[in-house]
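If you're matching them up, the sequences are chains A and B in order. Okay, so the first sequence: first residue is 3 according to this note's numbering, each after it adds one. Okay, so the second sequence: first residue is 599 according to this note's numbering, each after it adds one. Everything on this sheet refers to the single structure shown next.
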Amino acid sequence: MGPLISRRAFVIGALGASVLLTVGSLAESPNILAPLIPPSEDTVAVGNAATLETAYQTALASKNPSNDLYVPAGYSDFFYFPYPVSASPYYKDVIVRLPDPVPLTSESQVLTVPQTINGTLYNSKFVAYNTTCVHLQCLVNPGYDPVSGEFRLQCPCHGSQYRLSDGVPVAGPAFDLGLKPLPQITIKYDPVSGNIVATNGQNGINGVPGVGRTH
Amino acid sequence: MAAPTKKQGVLDPIIALLRWIWNELERTIIPAIKLVFPSRFISPLGFLGMLTVVVFVILGVTGALLLFHYTPIFGDCSNVTSTPAACNQAFQSVQSINNQVNWGSIIRNIHYQASNAMVLLAVMHMFYQYFAGRYKLRYEILWVTGIILGVVTIIEAYTGYDLIFNIRGQLAINIGRTLTLDTPILGANLAQIIFGFGFNDLTIRFYAFHVFIIPIIMLAIMSVHLPRNLVLDIPVASAITGIILILGGLFPVEVGVAYIPSLPTQITFPEWYFTSLYAFIRVKGLDPFIAGAIIPTIFVLIFLLVPFFDRGRKIAMVDRPFWVALGVAALGQIAIVTVWGFRASNPFLALLNENQLVVDPILFGGSLLIASALAYGFVYAFVRWRRAKLEALRTAKKPVPYRRVPPYILSKSEVFSLLTGLLILQGFLDFSIFRSLIDSLQNFALLEIGMVFVAFAATVHIYRVANKIK
């Protein structure tokens, strides 16, 4: 009587099993890589309410077209949240002092901060978005579109444009392809320090950078 | 009586040593390489591949020199309210190569123009071999490896211009990473392997890819791609080198705007060999993965598979109207799409703001279709007409008319005055290079070094032509 299983069959079986195991472990790889994702912080100061409001008032009063109301870069700040820039360049976010004439929509998530600067009371409105374009992950900038007369977040690569009031795509490939809005950052006002802070680690961003808003 | 002995020279032992080494090389692979240095002038179109290798060597040498001064570190940009000194060290090192390192701008300009020349020469080489029919009938391996080598060359160029870490490079990284992520099944893992976590990781990875991994892959493919008989004409190689240097002197490459995480990005164009993809991605309503990955893959695949569809035994252009017309149409498509990539949605306006980036699909597709259909139709009709004419001549037993351009014979005085003029020019250039290096006129020096190369090529060529005069 010969062996239970021939040598050739055994080798083939062993090879097949190892290939299956390799494929299986590759499929599981996101879990293997999970420990490499850096831990999140609890609270991050993303901008100073008074500084942004002052910059906005300066822009309002300015007669110079390179830093007036229609250049939102002047009264906005970039920050990284919930992970630092060393973890991923795609967690780049922007906080903007939302210009007052901008109409709000049902999607808008605006933080209003009543604050007194130099004896004047201002109702400052702030919005914060992740800047990674949902089309091909270039980094968008706050800007003004003179054709539509809207304040927008504009992508320099392929021309996607998002409304500044709610981050919904209104032009360019992100609009044409029906992609999701930019993720919003949940921001709060910290009256002690006067800073605007983003909290709660990963829950502070309602979406995935480069993919879009989830809820 | 002893024979009169030759007087011993100082160099004799050295010559003897060199001769000994040459004889002992018999056991190595070197005598088996059939590298021919033609004694007559032959068309450089026939050895464009060898010229690509020459440019590859130039890139290797200049790249090695750049290695000493490049810092593959993105650095610490965590403080986004101000721009820290340690942020984007990669860009800073490129900037210092351009402005501070001795000969830095010269080397960088050569490296940049040589990279453009390599892509251009590789594409020209491919199309020349395509029209010459040298892709089938036992040329299949050479053709397929050549196409793969071309794609790898473009990937190598991509990793190179991302390493500068200006805004253009950074945006190109984002696009490349997203397209990799969108790849079915393997996408997420591939993106992590290629692009890593964060920019510090990415910089060191792209550095490894650009200076070691991809060049090694290219050398490996090249070892299969080399045909058995190689031709290299030294004057033409010298002229190509000179032209690269002259272009480097005339059009010095910019460092661009640094990518700083706390600052806004801006509109930039990719390199000219990527503007075609850029144009496709910008077409309204076209899925980015289809535009940026599937369409170019199909385009490359068609070329890759040409030898397996063209089963004809004939290689003359008149006998392959379909394939010749297809090649011309492909050339036309590449040209149109490449130009589109540089233009706004209205191609006659300058591209100034984000509103103009989206390209109208009807205008884009229409121009593409009309151009390629016209190119295909005209070339196909012309080749068929030409073949019919040749057939008619053959049946009538008439000789095929062949227009021979009579070579222009230089007279002795012309040869002497040309050679003298070129030598004086070279002497003047040498002096002038010395002066411009003292005055640190780097671009001017580069231009003149290039002119020396071209003058050398012209001198050798005239000498070669003159030797034919009996």
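Glycine included, every Cβ here is placed at the ideal spot set by N, Cα and C. None of the values given here were measured: they were computed from a predicted structure.
For residue i, name the three-state secondary structure that DSSP assigns.
i	result
Leu123 (chain A)	strand
Ile189 (chain A)	strand
Ser42 (chain A)	With a pLDDT of only 47 at Ser42 (chain A), under 50, the local geometry of the prediction cannot be trusted, and no value is derived from it.
Asp917 (chain B)	helix
Pro959 (chain B)	helix
Pro859 (chain B)	coil
Thr56 (chain A)	helix
Asp102 (chain A)	coil
Arg625 (chain B)	helix
Ile612 (chain B)	helix
Ile207 (chain A)	strand
Gly49 (chain A)	strand
Asp168 (chain A)	coil
Asn827 (chain B)	strand
Glu152 (chain A)	strand
Asp1028 (chain B)	helix
Ile631 (chain B)	coil
Gly214 (chain A)	strand
Ile671 (chain B)	coil
Pro116 (chain A)	strand
Asn714 (chain B)	helix
Val129 (chain A)	strand
Val853 (chain B)	coil
Thr1057 (chain B)	helix
Lys94 (chain A)	strand
Start and end of the alpha helix (DSSP H) containing residue i?
i	result
Ser836 (chain B)	832 to 848
Thr650 (chain B)	646 to 665
Pro175 (chain A)	174 to 178
Thr873 (chain B)	873 to 880
Gln864 (chain B)	Taken as a continuous stretch (DSSP letters only), Gln864 (chain B) belongs to no alpha helix (DSSP H), as it is neither H nor E.
Asn700 (chain B)	No alpha helix (DSSP H) contains Asn700 (chain B), which DSSP labels as neither H nor E.
Is it right to say residue i is buried, meaning 16 or more other beta carbons lie within 10 angstroms of its own, or is it exposed?
i	result
Thr216 (chain A)	exposed
Trp618 (chain B)	exposed
Val25 (chain A)	exposed
Thr122 (chain A)	exposed
Ile97 (chain A)	buried
Ile773 (chain B)	buried
Tyr1006 (chain B)	exposed
Arg918 (chain B)	buried
Arg99 (chain A)	buried
Pro825 (chain B)	exposed
Leu6 (chain A)	exposed
Asn120 (chain A)	exposed
Asp1028 (chain B)	exposed
Gln606 (chain B)	exposed
Tyr668 (chain B)	buried
Leu664 (chain B)	buried
Leu740 (chain B)	buried
Leu784 (chain B)	exposed
Ser703 (chain B)	buried
Tyr710 (chain B)	buried
Thr751 (chain B)	buried
Gln163 (chain A)	buried
Could you give the first and the last residue of the continuous beta strand (DSSP E) run that contains residue i?
i	result
Phe80 (chain A)	78 to 82
Gly145 (chain A)	143 to 147
Arg165 (chain A)	163 to 165
Lys734 (chain B)	Where Lys734 (chain B) is concerned, there is no enclosing beta strand (DSSP E), given that its DSSP letter is neither H nor E.
Ala994 (chain B)	Neither: Ala994 (chain B) is in no beta strand (DSSP E) and is coded neither H nor E.
Asn197 (chain A)	197 to 201
Return no unless some Cβ of chain E is closer than 8 Å to the Cβ of residue i.
i	result
Phe795 (chain B)	The question asks about chain E, but that chain is absent: this structure's protein chains are A and B.
For a minimum of 4 consecutive residues, which ranges assigned as the alpha helix (DSSP H) are wholly contained in the region 739 to 818 of chain B?
765 to 779, 785 to 793, 796 to 806
Report the residue ranges of all alpha helix (DSSP H) runs contained in full by the region 882 to 910 of chain B; include only those spanning at least 4 residues, in chain order.
Within the region 882 to 910 of chain B, the complete alpha helix (DSSP H) runs of at least 4 residues are 893 to 907.
Using a Cβ distance threshold of 8 Å, determine whether the region 708 to 723 of chain B contacts the region 839 to 858 of chain B, with at least three qualifying pairs required.
Taking a cut-off of 8 Å for Cβ pairs, the region 708 to 723 of chain B and the region 839 to 858 of chain B touch, as three or more such pairs fall below it.
Indicate whether the contact test is met: 3 or more Cβ pairs, each with one atom in the region 664 to 676 of chain B and one in the region 782 to 800 of chain B, closer than 8 Å.
yes
Within 8 Å, do at least three Cβ pairs link the region 42 to 62 of chain A to the region 192 to 199 of chain A?
yes
Okay, do the region 115 to 133 of chain A and the region 831 to 840 of chain B touch, 3+ Cβ pairs below 8 Å being the bar?
Taking a cut-off of 8 Å for Cβ pairs, the region 115 to 133 of chain A and the region 831 to 840 of chain B do not touch, as fewer than three such pairs fall below it.
Please determine if the region 105 to 113 of chain A and the region 167 to 175 of chain A are in contact, where contact requires at least 3 C-beta pairs separated by less than 8 Å.
With a cut-off of 8 Å on Cβ pairs, the region 105 to 113 of chain A is in contact with the region 167 to 175 of chain A, counting three or more such pairs.
Any contact of the region 860 to 870 of chain B with the region 1057 to 1066 of chain B, i.e. 3+ C-beta pairs under 8 Å?
no
Segment contact flag, the region 800 to 818 of chain B with the region 910 to 928 of chain B, C-beta cutoff 8 Å, min 3 pairs:
Segment contact: the region 800 to 818 of chain B against the region 910 to 928 of chain B, fewer than three CB-CB distances shorter than 8 Å; contact not assigned.
Check whether the region 1038 to 1054 of chain B and the region 994 to 1005 of chain B touch, using three or more Cβ-Cβ pairs below 8 Å as the test.
no
Count the CB pairs spanning the region 937 to 948 of chain B and the region 759 to 774 of chain B that are closer than 8 Å, and state whether there are at least three.
no
Do the region 610 to 617 of chain B and the region 690 to 699 of chain B touch if we need at least three Cβ pairs shorter than 8 Å?
Verdict: no, contact absent.
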